[in-house]
Each structure stands twice: as structure tokens, then as C-alpha cells.
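Q: Line by line, the protein sequences give chains A and B.
No gaps in the numbering here: position 9 of the first sequence is 9 in this note's numbering, and each next residue is one more.
To convert a position in the second sequence, counted from 1, into this note's numbering, add 349.
For each residue, glycine too, the CB sits at the ideal point set by N, CA and C.
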Amino acid sequence: MTLAYFLAGVTMLALNAYVLLGGADFGAGVWDLLARGPRAARQRAAIEDGIGPIWEANHVWVILVVVLLFSCFPPVYAHLSVALHIPISLMLVGIVLRGSAFTFRAYDSTNSPVQKHWGRIFSIASTVTPVLLGICVGALVSGALKLPVGGTFAETYVMPWFTPFALAVGFLTLSVFAFLAAVYLTVEVQEHELQEDFRRMALGAAVAVGVFAGTALILGESTPMRLTGNLLTRSWAIPFQLMTAAFAITTIGALVTRRYTLARASAVLQVSALMWGWAYAQFPAMIPGVHTIESAAAPHITLKLVTIGLCGGAMVLVPSLWYLFKVFKAEPASAFERVDTAEYRTGKD
Amino acid sequence: MTDLLAARTQMALSLGFHIIFAVMGIGMPALMVLAERKWLKTGDPVWLDLAKRWSKGTAILFAVGAVSGTVLSFELGLLWPRFMEYAGAIIGMPFSLEGFAFFTEAIFLGIYLYGWTRLSPKAHWWAGVAVAVSGTVSGIFVVFANAWMNAPTGFELVNGLPTNIDPIAAMLNPASFHQTLHMTLASFATTGIAVAGIHAWMLRKNPEDHFHRSALHIAMLVAIPACLLQPLSGDISAKFVAKWQPAKLAAMEGQFETERAAPLRLGGIPNEATRETKYALEVPGALSFLAFSDFNAEVKGLEAFPESDWPPVAITHFAFQIMVGLGTLMMLASLWVIYRWVRKQEVAHDRPLLTFLALLTPAGFIAVEAGWVVTEVGRQPWIVYGIMRTADALTPVPGLIVPLIGISLLYLFLGVVVVYLLWAQIIKTKPMTQEIRTP
Ligand code: HDD
Ligand code: HEM
Ligand code: HEM
Numbered sequence: 001m002t003l004a005y006f007l008a009g010v011t012m013l014a015l016n017a018y019v020l021l022g023g024a025d026f027g028a029g030v031w032d033l034l035a036r037g038p039r040a041a042r043q044r045a046a047i048e049d050g051i052g053p054i055w056e057a058n059h060v061w062v063i064l065v066v067v068l069l070f071s072c073f074p075p076v077y078a079h080l081s082v083a084l085h086i087p088i089s090l091m092l093v094g095i096v097l098r099g100s101a102f103t104f105r106a107y108d109s110t111n112s113p114v115q116k117h118w119g120r121i122f123s124i125a126s127t128v129t130p131v132l133l134g135i136c137v138g139a140l141v142s143g144a145l146k147l148p149v150g151g152t153f154a155e156t157y158v159m160p161w162f163t164p165f166a167l168a169v170g171f172l173t174l175s176v177f178a179f180l181a182a183v184y185l186t187v188e189v190q191e192h193e194l195q196e197d198f199r200r201m202a203l204g205a206a207v208a209v210g211v212f213a214g215t216a217l218i219l220g221e222s223t224p225m226r227l228t229g230n231l232l233t234r235s236w237a238i239p240f241q242l243m244t245a246a247f248a249i250t251t252i253g254a255l256v257t258r259r260y261t262l263a264r265a266s267a268v269l270q271v272s273a274l275m276w277g278w279a280y281a282q283f284p285a286m287i288p289g290v291h292t293i294e295s296a297a298a299p300h301i302t303l304k305l306v307t308i309g310l311c312g313g314a315m316v317l318v319p320s321l322w323y324l325f326k327v328f329k330a331e332p333a334s335a336f337e338r339v340d341t342a343e344y345r346t347g348k349d
Numbered sequence: 350m351t352d353l354l355a356a357r358t359q360m361a362l363s364l365g366f367h368i369i370f371a372v373m374g375i376g377m378p379a380l381m382v383l384a385e386r387k388w389l390k391t392g393d394p395v396w397l398d399l400a401k402r403w404s405k406g407t408a409i410l411f412a413v414g415a416v417s418g419t420v421l422s423f424e425l426g427l428l429w430p431r432f433m434e435y436a437g438a439i440i441g442m443p444f445s446l447e448g449f450a451f452f453t454e455a456i457f458l459g460i461y462l463y464g465w466t467r468l469s470p471k472a473h474w475w476a477g478v479a480v481a482v483s484g485t486v487s488g489i490f491v492v493f494a495n496a497w498m499n500a501p502t503g504f505e506l507v508n509g510l511p512t513n514i515d516p517i518a519a520m521l522n523p524a525s526f527h528q529t530l531h532m533t534l535a536s537f538a539t540t541g542i543a544v545a546g547i548h549a550w551m552l553r554k555n556p557e558d559h560f561h562r563s564a565l566h567i568a569m570l571v572a573i574p575a576c577l578l579q580p581l582s583g584d585i586s587a588k589f590v591a592k593w594q595p596a597k598l599a600a601m602e603g604q605f606e607t608e609r610a611a612p613l614r615l616g617g618i619p620n621e622a623t624r625e626t627k628y629a630l631e632v633p634g635a636l637s638f639l640a641f642s643d644f645n646a647e648v649k650g651l652e653a654f655p656e657s658d659w660p661p662v663a664i665t666h667f668a669f670q671i672m673v674g675l676g677t678l679m680m681l682a683s684l685w686v687i688y689r690w691v692r693k694q695e696v697a698h699d700r701p702l703l704t705f706l707a708l709l710t711p712a713g714f715i716a717v718e719a720g721w722v723v724t725e726v727g728r729q730p731w732i733v734y735g736i737m738r739t740a741d742a743l744t745p746v747p748g749l750i751v752p753l754i755g756i757s758l759l760y761l762f763l764g765v766v767v768v769y770l771l772w773a774q775i776i777k778t779k780p781m782t783q784e785i786r787t788p
């Protein structure tokens, strides 16, 4: 049964990667929506550049989460799909529109009014989807997903996730994504002015993260799981919270003093600590009050084969990812290359 | 509309939409890699132009393929949670492996698209090869999962619950080989014929155009082997169906009576109420032969099964006829092109052939959709053949008509946009002359 715990950990790790990479793509879309002022166009260009080559690859992490859930913990996948049917369906619309609009915008650049519409769709979808994702997570941790027998439609399929707590987690997720994106962009852009812009955005988002995390913490006590109590009283919970706080302070300090590489590293750790703190708070429950890791795990043979598959897959993936980042991130795109790819993308001579 | 019907329609729509992009996601990289290879060898800029244009198309298609695939992986749970709960542990394996293949594909596609100036020509070409290989492999893995739904093996049923699970045996079930073979060939045939058709249309206006000639050449290189092998591989599929899913075969052929020396029916309208298929052109004994390699073999008719186990007969029969008919036409077109090549004549000067190819542009896609209707509708009322009924897999969430309408509108919108973009960005733009890199 230890394999089940290992695979639950891997699932969480994949979700963590999705938040750090895919989440930042969503966050970039949020800044695209909010870009204002004299440098708005350049900010948008920097955002598109940052997403460019890594696009979609970042979003495969969520597929890995889904696939691991349904092969290793089928009842959890089935239960969540029923209880969270509505927010997941809405989230899918957001995922579809974000992914396709981003590509369409890149390839429709001969026609700028149309292109603007794609930009709009891209950024609105990027803003709404994280809130829905957060609502799903909020509903899950709050322990409200028990599916009452014989409840009304609203009691069964709406009330469990349409709660102040879940909404707070939704907005927390949105601000975390925006925060990550802004922090990454401070490292990626070269121009001083843009860097300052993104630094200001990162600091603003950091404040939002704090506000929504605090709100969620206060509301958490009133959830069926009495979450806040769990978050603070379990033996190892305090270190997790302290770690999150310490990284948060480091990130803000680094941003204030303009040490961007440090800020990026500690932002990554801060968000990861936040997520693992949540995982720890509900461990070993997968759906609090319904399934634990052990009660939901698939037969041992499946877990074993998936583990072998994961190792095999990692042997292909890790070098590929390494190569991708090496090609694109080592040396920042020079102005020449940017023009060059842009020209190639539009197909104009 | 009942919730069950809404869910089935939504599933069919989502898969039918995704498969178009999946097919091109498998086929286009092959075209693009072949063109780039030619460019590296000859230095003729027309090949570079083609490779770039096709990679642009691949990028647009990949994005829509990826998002519609993501939708599917959630939809399986949103619509059929009981099925996933039951089958997840058994067929999760190919899905996990598929995840990795997609991942690799996405990574190398990124490298390929944005790496024209950053990689050496050789490395860039190999990135393209990685896209093509991982795309094909990912398609194969998903079809493994579907094959299991047709031939569920690798577990024992104890009190209605799967026990003693063997995911490897489930993955390599009796339907896996022929379904993956047939699907992979279909992808190459479809993409090759579609691209050839578009350029054939252009060549009708200007037969000397170097650009369109080159494109047609590469497209036919990919299409021909697949189009010639497809009927053979379809025959393997049919023999499987005859042995494992006799009710599906009977529906495909509109065969209501159990009989020896059963005829092959071309056309015809099956009538479930009167239990006969009228107006068909019958080839005596041919069905028995094709299904069991024996002109006198007994073919089970639908009467051998309770009506509650019948798939929708007419849909299955029509779909099968459409697929086979189009497959035959695609094979004929391939043979015709080979004939011109063997005689060292220009395809571009054979106007009837160009017209024929142009008319066949959508043929592969229609055949693929029809083929999946045969497989999926023909399997009804089962979601897992002989084990679980589709109705029992349905989610308890009511009001499924709402997501069905939502998804339909969304996909309609996406479909229109993709067609417009492919047209405006790839087909209509003038050939690029400037080279970014010289060999
Ligand atoms: C370009 C597309 C294409 C073409 C030209 C053909 N097929 Fe096909 N066929 C498919 C594309 C396809 C498919 C969409 O890919 C299917 C659906 C499931 C599968 O494995 O392949 C399929 C399924 C399928 C099945 C059902 C398999 C099952 O239910 O397990 C049979 C019996 C055939 N085919 C037979 C044929 C024959 C005899 C053809 C003769 C020309 C033919 N197909 C041409
Ligand atoms: C991409 C190619 C595929 C197409 C076009 C396709 C087509 C269809 C169609 C037309 C239906 C509806 C059947 C009906 O209404 O009577 C259906 C149902 C379904 N298919 Fe497939 N299918 C494909 C591949 C797959 C694969 C790979 C899976 C993998 C698990 C799958 C799983 C299902 C499920 C769960 C249903 C719902 C239950 C049912 O009505 O049978 N399909 N599909
Ligand atoms: C037989 C039917 C199918 C085939 C041949 C197929 C093949 C493919 C291919 C080649 C891609 C890569 C995208 C592209 O190049 O356009 C893709 C994407 C995807 N497919 Fe399908 N697929 C099928 C059905 C399904 C089903 C039933 C699911 C749901 C479980 C699914 C899930 C996905 C996902 C999640 C992606 C996105 C991967 C990414 O982001 O790279 N596919 N599919």
C-alpha cells in the first residue's frame, strides 16, 4: 500500500508543476487583460514571448493529474466528476478558449482588429479558469463533497462548491497564478522599464495572495472539516505554515531589493509550500469524509505498472524538458530572433 | 431528449471533433518532416516553404487537438463516472503512457516551431521526427483503451466486480492490433489525400506551379502506402468483428437471418421492424468468405440475439458502407497516381486525375468518422462489450442537455475559426521566397 501513497504524492507533484508552470501561463493572461499605460503593448509582447515555446507543454501537467487519478484512484476521479460536474464543465470551457485563442492570436496576426478579439478571449479565459479551478480545490478540502442521498439538485450539485470558503480559495488561486507570472516575467524581460512594471505587478499580486489566504483561513473554520483547526494544530502543520510565511517574506524582500532570480526561486518555494501544507492538512484523506488514499487505491498490480510507466516516461520526458528549457531559456531571445520568429509566424516576407 | 441520449451525443460530438485534429496531428508532422528532409538534401527553397507552412498548420491543429483532448479526459468522468470507476484500474495504463507521449509531442513541437533559428538544421529536423513519432505513438495508446472496450480482457468477474486485474493483458487485448494498425493507416491516408486534394485543385488552375507540384508529390508519398494497405487492414478488422462481436457484424451488413453462404450487401436499407434489408446489391457467399475465409461459413444474423442487445442497425450499416466506399475510391486514386509515376508522366497534366483527387479532399475524414460510428455505435448497447451497458455507466447528474448545447456551440465556433485560419494563413498566402536559413 505504500505505492498508493507514493502515487498520491506524484499526483500532487504533477498538480504542483501545473500550478507553477500552467498557472503562470494563466497568470500571464491576467496581466494581458490588465496591461495599461504607455507600455501596454510592450508588456503584452513580453508576455506572449514568455509563453510562446513552452505553451501547451505546461498544460499537459493537468492531463497527467487526471490520468493518474483515474488509473490509480478511480473512485476519486468518478466522485469528483459527479460532485463537481458544474464547475469542472465551466473550467473546461475556459481551458478550451484560452488554449485556442492564444494560438489563434499568434497565427492571425495579419489582421489586427481580429487579433485583438483573440487577445480579449485569451485573457478573460485566463482569468476565469483559475477561479473555477480554485473553487474545485476549495470545495474538495472543505469536506463538503459527500453527495447527500436524495438531496435536491442545488443541495447536491451546487451548494457544496458555491460557498464563501471555496470562492475565497478560487480568488486565492487566481492571485497566486498572477503573482507567479509577474515574478517570472521580471526575470525574463531585459528592458529596465518593463522589469519595473512587472515588479510592481508582482508586489500587488503578493498583497492579494495575502488577503485571500487570510480570508480563506478565517472562513476555513466554518467548513465541515474545520479546516483552520487542522491547518494549525496537526503536529507538522505549524512548520509548513512557518515555511510558507518565511518564503513569502523572502520573495517580497527580494522584489523590493530587485533581486529577481532570488524572488523567482522563493516564489516557487512559497507556492509549493502552500500547496503541500494543504495536502498535509487533509492527509490521508483524498476526498475528506469520503475516500482516503488507501480506500480509493486501485489494485496493487495497476499501481505497480503505472509506477513503472512513470519511470519510463520520466526517462523520456526529463531530457526532453531539459532540452526545451536549454534551447529557449538559457540565452534570452535577442531582438533579431524575436523579429525573425514573428516574421515567420505571420508568414509575411 | 433523455440524459442518456444527450450524454451519448455529447461524447460522439467531442470524439468526432477531436479525432479530426488527432488524425492530422499524426499525419501532418510526417509531411512536414519529409519536406524538410528534401530541403536539407536539395536546397530547393520550395521544400523549406512547404515545411514551414505545414508546421504552421500543425501548430494550429495541435492547439485545438490538445484542448479538445483535455476536454475528453475530463468528459469521460463527467459523463461516464461508473465506467471510469470500473475500468480506470484496468485501462489506466495506456492512458498514462499516452499522457507521456502527448507531453513529448508538445515539447518537441515547441522546439520545432520556435527553433528554426536556434538549432542546427539537423537537430531541427530530428525535433520534427520526434513530433511525428510521439504523435503516432500517442494515437496508438488511446486506441488501445478503446480496443479494450471492444474486447475486454485482462480481468476476472467476481460478483460483478473486476478482480485479478492484468493491465498488460488488457492493453494487448485481441482488438488492439487491428484497431491501432487501421487507425494509424487511416491517419496517414486521410492527411495525405486531403493535402493532395487541395494542391490538386490549385494545379487545375496552373499545372506548371512548382510549389503545388512539390506539395502534391509529398502528400501522395504519405497517402499511397496507407491507402493501399487500408482495405487489407480493414479486412483484418472485419474478421475480428465476425469472431468477437457477431451482433456488430450483423448490423454492419444488415444481416437479420442466420445463414450459410451469406451474401455481401452493397447499399440497401435495413428495416429493423420487418427484419429485412431491401434494395441491396447482393454478392452471394461473399460475406461468409470475407468474415471467415469460407464461402459456405455460417454468419449469425441479428435474430440470434435478443432485440435489447441490438445496436442501431441502419446507422451502423450506412456508416460501414460509406467507409468502405470511400476507402475503395482512395485506393483507386492512389493506383492512378502510381500508374502516372510508373509511366514517368506528370500527374499535374492529368486533369481528370486532379479533379478526382480534389473531390476526394474530405474523403478520409468522412471515412474516419464513419469508421468510428461503426465501432462505437455498433458496440451499443454496451460501453464495455458484454460487460457493462452504456446506460449503467451514465452520471447521475441531471440536465445533460445543457452541457451538450454548450459544447456544440463551442465546437461549432472553433471549427469555423480553424477552417478560416487554415485557409487564410496557409493556403491563401503567397509562397514565401525569403529564406531564413540557407543549407
Ligand atoms: C481513412 C479512413 C478509413 C478507410 C479508408 C477505411 N477505414 Fe475502416 N475504420 C476507420 C477508418 C477507415 C477508423 C475510423 O479508423 C476505424 C474506427 C475504429 C478503428 O479501429 O478504425 C475503422 C473501423 C473499421 C472496422 C470496425 C473495427 C471494429 O469495430 O473493431 C472495420 C470492420 C473496418 N474499419 C473495415 C474497413 C474496410 C473493409 C475498409 C476497406 C476499404 C476500410 N475499413 C477503410
Ligand atoms: C476518436 C475516435 C472516436 C470516435 C469518433 C468515437 C465515436 C463515438 C461515438 C459515435 C459514440 C456514441 C455511440 C452512440 O451514440 O451510440 C461514442 C461513445 C463512446 N466512446 Fe467512442 N469514439 C472514439 C474513440 C473512443 C476512445 C479512444 C474511447 C476510449 C475510452 C471512447 C470511449 C467512448 C465512450 C466512453 C462512449 C460513451 C458510451 C457509448 O455511447 O458507447 N471512444 N464514441
Ligand atoms: C482514437 C481516438 C484518439 C486518437 C487517435 C487521439 C490522438 C491524439 C493526438 C495525436 C493528439 C495530439 C494532438 C494533436 O497533435 O493534434 C491528441 C491530443 C489529446 N488527446 Fe486524443 N486521441 C483520441 C481520443 C482521445 C480520447 C478518447 C481522449 C480522452 C481520454 C484523448 C485525450 C487527449 C488529450 C488529453 C490530448 C492533449 C494532449 C496534449 O496536450 O498534447 N484522446 N490525441
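Measure the alpha-carbon distance for A:Ala14 versus A:Val268 and round it to whole angstroms.
A: Position 14 of the first sequence holds residue 14 of chain A. Position 268 of the first sequence holds residue 268 of chain A. Distance between the alpha carbons of A:Ala14 and A:Val268: 14 Å.
Q: Are any of the Cβ atoms in chain A nearer than 9 Å to that of B:Leu362?
A: Counted from its first residue, the second sequence places residue 362 of chain B at position 13. It does not: the Cβ of B:Leu362 has no partner Cβ on chain A nearer than 9 Å.
Q: How is A:Val65 classed by DSSP in three states: helix, strand or coil?
A: To locate residue 65 of chain A, count along the first sequence from 1; it is residue 65. Residue state, collapsed to three classes: helix.
Q: Could you say which of A:Leu185, A:Ile95 and A:Lys116 lies nearest to A:Arg105 if we only look at CA atoms?
A: For the purposes of this step, residue 105 of chain A is taken as residue 105 along the first sequence, with counting starting at 1. Checking every option, the nearest Cα to that of A:Arg105 belongs to A:Lys116.
Q: Can you confirm whether A:Cys72, when its beta carbon is compared against all beta carbons of chain B, has any partner nearer than 9 Å?
A: Reading the first sequence from its first residue, position 72 is the one you call residue 72 of chain A. Answer yes: the Cβ-Cβ gap between A:Cys72 and chain B drops below 9 Å somewhere.
Q: With the cut-off set at 9 Å, would you say A:Thr302 and B:Ile514 are in Cβ contact?
A: Walking along the first sequence from the start, residue 302 of chain A turns up at place 302. Walking along the second sequence from the start, residue 514 of chain B turns up at place 165. Yes, Cβ-Cβ distance for A:Thr302 and B:Ile514 is below 9 Å.
Q: Along the chain, where does the alpha helix (DSSP H) that runs through B:Asn495 open and close?
A: Working through the second sequence from its first residue, we reach residue 495 of chain B at position 146. Here the alpha helix (DSSP H) through B:Asn495 covers Pro470 to Asn499.
Q: Taking only beta-carbon positions, decide if A:Cys328 is within less than 9 Å of chain B.
A: Taking the first residue of the first sequence as 1, we reach residue 328 of chain A at position 328. In the sequence as presented, Cys is not what sits at residue 328 of chain A; that position holds Phe. At least one chain B Cβ lies under 9 Å of A:Phe328.
Q: In the stretch 441-452 of chain B, which residues sit with their C-beta less than 8 Å from some C-beta in chain A, listed in chain order?
A: Against chain A - using a Cβ distance shorter than 8 Å - the residues of the stretch 441-452 of chain B are Gly441, Met442, Phe444, Ser445, Leu446, Glu447, Gly448, Phe449, Phe451 and Phe452.
Q: Would you list the residues sitting across from B:Gly541 in a DSSP beta bridge?
A: Counted from its first residue, the second sequence places residue 541 of chain B at position 192. In DSSP, B:Gly541 forms no bridge with anything.
Q: Between B:Ala610 and B:Ser637, how many whole angstroms is the CB-CB distance? I'm expecting something under 8 Å.
A: For the purposes of this step, residue 610 of chain B is taken as the residue at position 261 of the second sequence. For the purposes of this step, residue 637 of chain B is taken as the residue at position 288 of the second sequence. Contact flag correct, Cβ pair sits at about 5 Å.
Q: Check the Cβ-Cβ distances between B:Ala587 and every residue of chain A, and say whether any is below 9 Å.
A: Here residue 587 of chain B corresponds to residue number 238 of the second sequence, with the count starting at 1. False, the Cβ-Cβ gap to chain A never drops below 9 Å.
Q: Taking 9 Å as the CB-CB cut-off, is A:Pro160 touching chain B?
A: Translated into the one-based positions of the first sequence, residue 160 of chain A becomes position 160. It does not: the Cβ of A:Pro160 has no partner Cβ on chain B nearer than 9 Å.
Q: Rounded to whole angstroms, what's the CA-CA distance from B:Ala355 to B:Val746? Just pull it up for me.
A: Numbered from its first residue, the second sequence carries residue 355 of chain B at position 6. Numbered from its first residue, the second sequence carries residue 746 of chain B at position 397. In a straight line, the C-alpha of B:Ala355 is about 12 Å away from that of B:Val746.
Q: Which residues, in order along the stretch 385-414 of chain B, keep a beta-carbon less than 8 Å from a beta-carbon of chain A?
A: Result list: Lys401, Arg402, Lys405, Ala408, Ile409, Phe411, Ala412 and Val413.
Q: From A:Tyr184 to B:Glu718, what does the alpha carbon distance come to, in whole angstroms?
A: Residue 184 of chain A sits at position 184 when you count from the first residue of the first sequence. Residue 718 of chain B sits at position 369 when you count from the first residue of the second sequence. Distance between the alpha carbons of A:Tyr184 and B:Glu718 is about 44 Å.
Q: Are there 16 or more other CB atoms within 10 angstroms of the CB of B:Leu510, so buried, or fewer, so exposed?
A: Taking the first residue of the second sequence as position 1, residue 510 of chain B is located at position 161. With fewer than 16 Cβ atoms within 10 Å of its Cβ, B:Leu510 is classed as exposed.
Q: Can you name the residues of chain B whose CB is closer than 7 Å to the CB of A:His117?
A: As a first step, residue 117 of chain A must be located in the first sequence, where it is residue number 117. Those do not exist, as A:His117 stays about 11 Å from chain B at its closest Cβ, beyond 7 Å.
Q: B:Tyr461: buried (16+ other C-beta within 10 angstroms of its C-beta) or exposed?
A: By 1-based counting over the second sequence, the position of residue 461 of chain B is 112. Burial call: buried.
Q: Which runs of the beta strand (DSSP E), 3 residues or longer, sit entirely within the stretch 583-625 of chain B?
A: Within the stretch 583-625 of chain B, the complete beta strand (DSSP E) runs of at least 3 residues are 613-620.
Q: Out of A:Ala298, A:Met243, A:Ser266 and A:Leu147, which one is the CA nearest neighbour of A:Ala350?
A: There is no way to answer for residue 350 of chain A, as the model of chain A reaches only from 1 to 349.
Q: Strictly below 7 Å CB to CB, what residues from chain B border A:Val207?
A: One-based indexing of the first sequence puts residue 207 of chain A at position 207. Result: empty, since nearest Cβ-Cβ is about 32 Å, beyond 7 Å.
Q: Looking at A:Val60 and B:Ala543, is the spacing between their C-beta atoms short of 9 Å?
A: Taking the first residue of the second sequence as 1, we reach residue 543 of chain B at position 194. Taking the first residue of the first sequence as 1, we reach residue 60 of chain A at position 60. No, Cβ-Cβ distance for B:Ala543 and A:Val60 is not below 9 Å.
Q: Is it true that the CB of A:Phe165 sits closer than 9 Å to the CB of A:Gly204?
A: Within the first sequence, the letter at position 204 stands for residue 204 of chain A. Within the first sequence, the letter at position 165 stands for residue 165 of chain A. Result no, Cβ atoms of A:Gly204 and A:Phe165 do not sit closer than 9 Å.
Q: Starting from A:Ile287, trace the beta strand (DSSP E) in both directions and tell me its first and last residue.
A: To locate residue 287 of chain A, count along the first sequence from 1; it is residue 287. It spans Ala285 to Ile287 - the beta strand (DSSP E) in which A:Ile287 sits, taken as one unbroken run.
Q: Reducing DSSP to helix, strand and coil, say where B:Arg738 ends up.
A: Taking the second sequence and counting its residues from 1, one reaches residue 738 of chain B at position 389. Note: B:Arg738 maps to strand in three-state DSSP.
Q: Nearest chain A C-beta to B:Ala467 closer than 9 Å, yes or no?
A: Here residue 467 of chain B is taken as the residue at index 118 of the second sequence, counted from 1. First, the amino acid is wrong: residue 467 of chain B is Arg here, not Ala. Yes, B:Arg467 counts as interfacial toward chain A.
Q: Residues in the same chain with beta-carbon distance under 8 Å from B:Leu738, minus the five sequence neighbours each way, listed in chain order, please.
A: By 1-based counting over the second sequence, the position of residue 738 of chain B is 389. According to the sequence shown, residue 738 of chain B is Arg rather than Leu. Here the set comprises Pro730, Trp731 and Ile732.
Q: According to DSSP, is B:Glu447 helix, strand or coil?
A: For the purposes of this step, residue 447 of chain B is taken as the residue at position 98 of the second sequence. DSSP places B:Glu447 in helix when its eight states are reduced to three.
Q: Quick one: what's B:Val507 bridged to in DSSP?
A: Counted from its first residue, the second sequence places residue 507 of chain B at position 158. B:Leu510, per the DSSP bridge assignment.
Q: Classify A:Asn16 as buried or exposed, calling it buried when 16 or more other Cβ atoms lie within 10 Å of its own Cβ.
A: Here residue 16 of chain A refers to the residue found at position 16 when the first sequence is read from its first residue. Answer is buried; the Cβ neighbour count reaches 16.
Q: Given B:Gly616, which residues of its chain have a CB within under 7 Å of its CB, disregarding the five upstream and five downstream residues?
A: Position 267 of the second sequence, counted from the start, is the residue given in the question as residue 616 of chain B. Counting only Cβ-Cβ distances below 7 Å, and skipping sequence neighbours, we find Tyr628, Ala629, Leu630 and Gln670.
Q: Check whether the stretch 396-411 of chain B and the stretch 431-446 of chain B touch, using three or more Cβ-Cβ pairs below 8 Å as the test.
A: With a cut-off of 8 Å, the stretch 431-446 of chain B and the stretch 396-411 of chain B do not count as touching, because too few Cβ pairs lie within range.
Q: Using beta carbons (cut-off 9 Å, strictly below), is B:Gly755 in contact with chain A?
A: Here residue 755 of chain B refers to the residue found at position 406 of the second sequence. Closer than 9 Å to some Cβ of chain A, the Cβ of B:Gly755 qualifies, so yes.
Q: So, with DSSP's three-state summary, where would you put B:Lys649?
A: For the purposes of this step, residue 649 of chain B is taken as the residue at position 300 of the second sequence. The answer is coil: DSSP assigns B:Lys649 none of H, G, I, E or B.
Q: Could you give the DSSP three-state label for B:Lys387: helix, strand or coil?
A: On the second sequence, position 38 is the one that residue 387 of chain B refers to. DSSP places B:Lys387 in helix when its eight states are reduced to three.
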